[in-house]
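FYI, in the numbering used here the residues of the sequence shown are 2 to 70.
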Amino acid sequence: MTELSVWDVLKSPVVTEKSVLLKEASSEDEAIGQILTFRVNRRAGKIQIRRAVEEIFGVKVAKVRTVQY
């Protein structure tokens, strides 16, 4: 797998009705409110995505889920 810089991995956040509802649910269930959605480089693997989010945002990533479309 090609080494990408952390800034090349994350392209942009995805702001949809569903992602906003998940983020707003944090007041009721903290685990659900911590879900973030991003568009990422197609060449990035889950490990690279995890490292990029942890380095850029200074958080601990529990799980990375991906979908190709």
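The C-beta atom is built at its ideal place from N, Cα and C for all residues, glycine as well.
- A Cβ-Cβ distance of about 19 Å is found for the pair residue 16 and residue 53, leaving them out of contact under the 8 Å criterion.
- Note that the C-beta distance between residue 44 and residue 5 is below 8 Å.
- Each residue's CA atom was taken as its position, placing residue 12 and residue 40 some 5 Å apart.
- Only residues of its own chain outside the window of five on either side were considered, and among them 38 have a CB closer than 6 Å to the CB of residue 20, listed in chain order.
- Residue 21 carries a helical assignment under DSSP once its states are collapsed to helix, strand and coil.
- If you draw a straight line from the Cα of residue 69 to the Cα of residue 42, it comes to about 11 Å.
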